[in-house]
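Mapping of the sequence shown onto mature numbering (1 follows the signal peptide of the UniProt record, and there is no 0): residues -21 to -1, 1 to 131, in sequence order.
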Amino acid sequence: MRLLSAAALAFTVTLPMTTHADEALDELLEARHGFYQMLAMNMGTLAGMAKGETPYDEATASRAAANIEALTHYDLPSLFVEGTASGQIKDSAAKPEIWTNMDDFKTKFGGLVEAAAGASEAVKGGQDKVGPVVGKLGGACKACHDVYREKS
Ligand code: ASC
């Protein structure tokens, strides 16, 4: 009897559905998704103006571009912690290749940093200024997604 309850106790102790480590990784993934969501929202603002779907507004365009610039000053690669690749954690679209090519992954992010530099000024002066900025930013997004993001 005593033995049985010890076994039962061991069972409940060793079988929690999630561990602290899992929760930390889930939180990390949530932060990562939030980062991309903020990027996408601001990209959406610029893309809408570039396509003429929303009226050009210089202040709004410049603010969206400034937000993107600010986001690129965050150390995004630091959120790509081991154990958060697709297949390792739910809802991750990060290809495992990121971790075997971390230097290149960082270079790809550097491409976005470069594309975003000066964007808040570059979108000023008229609707025709937005398209080239969106093209540059979108190109940097795509260069990384083509190699390191799972197709959804
Ligand atoms: C966006 C967004 C992306 C990129 C990509 C560029 O606005 O959400 O993932 O641009 O579509 O090719």
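Glycine included, every Cβ here is placed at the ideal spot set by N, Cα and C. Model, not experiment: these values are computed from the prediction.
beta-carbon residue i near the ligand ASC non-hydrogen atom, thresh 6 angstroms
i           : result
residue 123 : no
residue 94  : no
residue 28  : no
residue 81  : no
residue 117 : yes
residue 22  : yes
residue 19  : yes
Cross-strand partners of residue i (DSSP beta bridge)
i          : result
residue 68 : 65
residue 73 : 128
Proximity below 7 angstroms, CB of residue i to CB of residue j
i           : j           : result
residue 94  : residue 108 : no
residue 126 : residue 112 : no
residue 8   : residue 63  : yes
residue 29  : residue 110 : yes
residue 106 : residue 35  : yes
residue 87  : residue 120 : no
residue 77  : residue 4   : no
Sequence-distant residues of the same chain with beta carbon closer than 8 angstroms to residue i, five excluded per side
i          : result
residue 99 : 41, 42, 44, 45 and 48
residue 74 : 64, 65, 126, 127, 128 and 129
residue 56 : 81, 84, 85 and 88
residue 72 : 65, 128, 129 and 131
Cut-off 6 angstroms between Cβ atoms - residues of its own chain near residue i, not counting five sequence neighbours on either side
i           : result
residue -21 : Low confidence applies to residue -21: its pLDDT is 48, below 50, so where it sits in the model is not reliable, and the reading given next is rough at best. Excluding positions up to five away in sequence, the list is empty.
residue 59  : 77
residue 21  : 43, 46 and 47
Close Cβ partners of residue i (< 7 angstroms) along its chain, the five nearest in sequence each way excluded
i          : result
residue 92 : 51
residue 1  : none
residue 10 : 58
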